[in-house]
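Remarks on the structure that follows.
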Amino acid sequence: MLQNKAFVRKTRGGRIQKIVREHYLRDDIYCGSCLCQVCDTKGACLSSPVSTILIVDTNVVLNQIDLLENTAIEDVVVLEVVRDEVKNKNLSVYNRLRALCSDSLRRFFVFLNEHHRDTYVTTMVGESPNDRNDRAIRVAAKWYQTHLGGNTRVLLVTNDKENKRKATEEGITAETVEAYVKSLAQPDLLDLVVHPTSEDVTMKNVEDMRPSKRKVIYIEHKPMSEITTGLLRGIYHQGKLRVNRYNPFEAYVGSESIGDEITIHGRTNMNRAFDGDVVAVELLPKDQWPQETSVSIADDEDEEDENVHLVPGSADDAPRNTNNVQESAGDVVSVSCRPSGRVVGVIKRNWRSYCGSLEPMSMPGGNGGVANALFVSKDRRIPKIRIQTRQLGNLLDKRIVVAVDSWDRLSRYPSGHYVRTIGEIGDRDTESEASSSTQPLFAYNFVVLIENDIDCRPFSTQVLACLPPLPWSVSSEDLANPSRQDLRHVRVFSVDPPGCKDIDDALHCTALPNGNFDVGVRILLTISFVDIADVTNFVHPGTHLDDEAAKRGTSVYLVERRIDMLPKPLTEDVCSLRSDVERLAFSVIWEMTSEADIISTRYTKSVIKSCAAMSYIEAQARMDDSRLMDPLTTDLRNMNALAKIMRQRRIDRGALTLASAEVKFQIDTETHDPLDIGMYQIREANQMIEEFMLAANISVAEKILKHFHTCSLLRRHPVPAKEMLESLLRTAVAVGLNLDVSSSKALADSLDSAVGDDPYFNKLIRILATRCMTQAVYFCSGDLSPPEFLHYGLAAPLYTHFTSPIRRYADVIVHRLLAAALGIYKLPPIFQDRAQLTNIADITLSPVQVVILGKFSDLNYRHRNAQMAGRASVELHTLIYFRKRPTDAEARIVKIRANGFIVFVPKYGIEGLLYLTPKGGSGAGEWVVDEEHQKVKKMDGSISYSVLQIVKIHMEVVEPQPNRPKLELTLI
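According to full-length UniProt numbering, the sequence shown is numbered sequentially starting from 1.
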């Protein structure tokens with residue numbers, strides 16, 4: 001049966017165009033029930049022993065996804081109209097729903113009601129899309145009742161009061177979510193129920209007082225129409241809220257409209273916004289902008305005290321360990337007298353699941369065993385969350401996960417619901433996979449992953465089904481492929497960190513008869529560049545494997561474990577460029593002179609056979625051993641000589657040689673506990689590999705942009721604003737340095753001349769400079785002009801990520817672009833849609849338009865979260881290491897505050913807070929800050945401390961609040 005759908009749209013030229021599409025209806029779409037006497041039950045998944053089939057509406061899926069994911073909920077029909085509406089409203093929930101429907105162990109069935117002749121409905125005159133969809137859901141529910149007869153009970157689950165009323169009038173059995181869950185006789189499931197915030201369904205007030213008598217704590221959020229108008233007129237300013245890690249009562253909103261960061265002081269001015277929310281901000285009068293001279297460090301015990309002095313510094317101005325010296329982008333640093341404002345509306349929420357523990361509250365009477373409790377997240381930036389639970393006694397000593405549902409302006413705390421339990425606090429079985437019972441590791445690792453929204457679930461059977469059968473080897477078809485060059489005769493080698501198994505790059509360097517070097521960087525083919533007949537096409541676009549890789553975005557490297565973007569059979573076997581095995585690769589090959597001048601560049605798919613997989617230490621030892629003259633060592637030395645020239649040439653162009661406090665742990669192989677901790681050592685071998693990886697990325701960026709000017713995925717590092725460098729400049733002046741920040745070249749030269757008596761002085765200045773950089777981001781070439789493509793830190797006009805497709809999905813995208821540029825394959829449809837590519841990279845749109853994107857393929861979001869998870873893992877293992885090792889050490893003061901300072905400990909790569917005046921101590925008010933000279937001194941002038949000064953400190957792990965250990969630094 002054929003239906004025609006007609007609609008109109010406006011063209012770019014302003015003309016109105018009528019579009020007519022054919023919509024085919026069928027009567028052979030099966031219902032999915034094993035009890036059905038009519039349909040083909042071969043692919044049915046709704047189990048026969050269960051006598052109730054659930055049909056859920058869109059709002060139930062959007063709001064109750066945590067409940068639906070519980071294994072107690074089964075035999076659920078997800079209508080096509082519901083699935084599509086969820087996809088349009090929330091991609092994150094859609095992906096979770098899609099995972100449920102594709103999981104063979106869960107009985108969720110997608111019924112194509114929009115293509116079934118008996119369930120398709122047309123829109124009535126004057127009917128809204130929402131009312132039409134509700135009617136389609138009721139029609140489908142009625143059809144299921146009639147179709148299955150009396151064998152199966154069909155239940156429509158909805159919290160929409162009007163939809164439920166109409167369903168009942170039409171003879172459809174309907175219940176609210178809470179009523180259905182109560183019928184299951186599993187009281188614990190009620191903790192997962194999200195109570196509707198609308199008036200559709202009445203619910204008991206969870207506050208002690210009636211709404212009419214409750215105090216209004218927060219101002220009402222402006223409607224989106226008013227926000228949009230205010231943004232256009234410059235009354236409001238849009239940006240992402242970032243809460244200070246040192247002080248949860250101070251936040252920052254980067255605003256392009258005023259070219260500066262707006263400081264938000266206090267939870268009242270934050271107005272129920274969470275860290276990461278996209279918000280609209282209204283500036284306060286200038287006389288309400290606080291001065292920096294009054295600031296101090298917030299204490300952990302100031303959790304609910306909004307009158308605590310404020311900490312200047314960026315929202316992410318916290319101890320960290322950046323991994324890539326050249327690409328590490330520190331976080332924005334605040335300056336004095338910044339604009340101050342208040343949040344007037346939330347444009348895009350960043351709510352997610354949070355991990356922590358409960359603190360009990362007094363239980364109001366008459367709640368039938370339901371207790372109120374406050375959830376305390378491990379992340380201090382997250383406010384306490386009020387939940388209701390029927391299992392308070394069982395949860396008080398547990399690590400649990402909680403999700404946020406709403407935040408009423410009459411309530412001091414947001415409301416949420418219990419999701420799941422991780423395990424008992426301190427219990428060996430739940431907190432550690434292989435560590436001592438007194439050193440909780442695994443649960444905290446789980447906390448790290450949850451807090452940074454890292455998907456650590458095992459790969460599904462659908463994903464694993466996409467993998468090639470093992471053992472895998474290069475086939476004769478691979479060798480016969482005309483687009484693939486046989487380079488097995490070339491002396492290829494790899495250099496990686498010790499113990500690396502996911503080897504995704506290898507190199508060779510061969511002297512040519514004319515005296516030039518033939519240098520190649522081979523990048524593993526982990527994606528589909530060939531047609532379906534090619535057996536080495538491992539990651540096909542649109543498959544479960546590709547979708548999962550896009551969803552994860554990147555591999556996550558913790559101290560003692562790795563969360564893979566792709567399954568291990570690919571990362572450690574089929575795709576890993578291990579020694580002495582034939583592997584497929586994508587090669588960038590240059591012919592260059594002995595002065596590292598590139599004469600020609602070519603790109604080809606290849607087959608290689610690595611002769612050696614070395615660690616950085618092994619490669620460096622080969623180059624340093626003058627007795628070794630074998631061909632492999634000679635190749636290493638030749639490549640290192642070229643790399644030094646290339647590196648110096650980049651520096652001459654203005655590339656920054658920054659530094660990071662990267663920490664290295666020695667881990668016990670049995671307990672997984674840290675045995676030693678220290679700064680990571682960078683060798684020439686590291687720099688050699690980095691240089692050729694940078695060169696390959698730049699070459700590929702030039703190639704893909706030449707062919708696909710508007711849809712290439714590139715990476716840029718924006719020029720830091722002068723305000724971002726002001727903190728560095730103040731520090732430099734205080735220690736007698738004159739830093740020129742007019743350009744990257746000027747800054748690089750200034751950093752080179754920043755020397756002092758302390759051998760660590762220059763590195764510390766470079767670390768502080770790294771902190772002032774903006775974050776490097778992925779972007780679509782069609783959304784910016786060429787001058788904005790610049791990578792400031794590398795002084796490169798073009799840059800992308802091509803060299804790590806095993807662990808970064810951005811590289812997978814770039815590989816597909818390069819293959820299309822070479823004419824090997826056609827450009828996938830996604831790359832022809834610039835808007836979709838922009839969404840993948842999560843580029844900032846115009847100030848007025850904010851596209852509410854899910855986290856699927858959100859490369860910048862995933863890349864950032866992976867970095868933060870790595871840093872959090874370092875902090876965790878630092879706690880574990882010092883738990884039984886109280887230590888004295890030397891530290892450098894890096895920031896001066898009114899009641900103390902922030903110090904950096906070079907030996908361990910640790911940064912932390914050091915208080916001069918204990919909270920409530922007798923020394924309050926004795927210290928005075930000299931902002932100009934970056935000093936803090938006693939009133940009587942007897943003692944003073946200045947920035948970059950060396951001090952002796954004591955480090956010890958303490959637990960000022962239950963279940964929240966911290967490393968406490970005290971001045972000796």
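All residues carry an ideal CB built from backbone N, CA and C; glycine is no exception.
Within the same chain, and ignoring the five residues on either side of Gly171 in sequence, the residues whose Cβ sits closer than 8 Å to its Cβ are Lys142, Gln145. Nearest Cα to Leu558 within the set Asn865, Tyr218, Ile55, Val958: Asn865. For Ser587, the enclosing beta strand (DSSP E) covers residues 582 to 592.
DSSP, read as helix, strand or coil, puts Lys551 in helix. In this structure, the alpha-carbon of Ile65 lies about 55 Å from that of Lys937.
Only residues of its own chain outside the window of five on either side were considered, and among them Arg409, Leu410 have a CB closer than 8 Å to the CB of Val216, listed in chain order.
For a cut-off of 8 Å, the C-beta gap from Ser873 to Val448 is around 6 Å, short enough to register as a contact. Distance check between Glu22 and each of Asn95, Gln462, Glu114, Thr71 places Glu114 closest, using alpha-carbon atoms only. The continuous beta strand (DSSP E) containing Asn372 extends over residues 371 to 377. Of all alpha-carbon atoms in Pro458, Phe109, Glu968, Asp160, the one lying nearest the alpha-carbon of Arg562 is that of Pro458. Within the region 869 to 944, the runs of beta strand (DSSP E) at least 3 residues long that lie entirely inside it are, in chain order, 887 to 897, 900 to 905, 910 to 915, 927 to 930, 935 to 938. In the structure shown, Ser102 falls within a helical segment according to DSSP collapsed to helix, strand and coil.
Counting along the chain, the unbroken alpha helix (DSSP H) around His707 starts and ends at 684 to 707. Contact between the region 713 to 723 and the region 774 to 786 is established, with three or more Cβ pairs separated by less than 8 Å. Ala480 sits exposed, since fewer than 16 C-beta atoms from the chains shown fall within 10 Å of its C-beta. The region 184 to 192 makes no contact with the region 77 to 94: fewer than 3 CB pairs, one atom from each, lie closer than 8 Å. Contact between the region 273 to 285 and the region 232 to 245 is present: 3 or more CB-CB pairs across the two stretches fall below 8 Å. Taking 9 Å as the cut-off, the beta carbon of Val574 is found no closer than this to the beta carbon of Leu713. Annotated as proximal: Thr601 and Val588, with beta-carbon spacing under 9 Å. Taking the Cα positions, Asp397 is about 6 Å away from Glu424. Only residues of its own chain outside the window of five on either side were considered, and among them Ile503, Ser610, Ala613 have a CB closer than 7 Å to the CB of Arg578, listed in chain order.
Between Ser615 and Pro541, the C-beta spacing is not below 9 Å. Taking the CA atoms as reference points, Asp749 sits about 38 Å from Phe249.
Partner residues in the beta bridge of Gln388, as assigned by DSSP, are Asn372. Thr119 and Leu35 do not touch by the CB rule: their CB atoms are close to 19 Å apart, not below 8 Å. Counting C-beta pairs closer than 8 Å gives three or more between the region 264 to 275 and the region 339 to 347, which meets the contact rule.
One thing to note: Leu374 has its Cβ within 9 Å of the Cβ of Lys384.
Between the alpha carbons of Asp930 and Asn899 lies a distance of about 12 Å. If the five residues before and after Glu956 are omitted, its C-beta is found closer than 6 Å to the C-beta atoms of Pro886, Glu968, all from its own chain and listed in chain order. With respect to Ile893, Ile880 sits apart: the two C-beta atoms are not nearer than 9 Å.
Under the criterion of beta carbons closer than 8 Å, Phe108 and Val61 do not qualify as touching, at roughly 11 Å. For Ser102 and Val463, the gap between their C-alpha atoms comes out near 10 Å. The three-state secondary structure of Thr421, taken from DSSP, is strand. Burial state of Gln388 is buried, judged by a 10 Å Cβ sphere holding 16 or more other Cβ atoms.
In this structure the region 639 to 656 lies against the region 783 to 798, because at least three pairs of beta carbons, one per stretch, are closer than 8 Å. Pairing Thr731 with Val947 gives a Cβ-Cβ distance under 9 Å.
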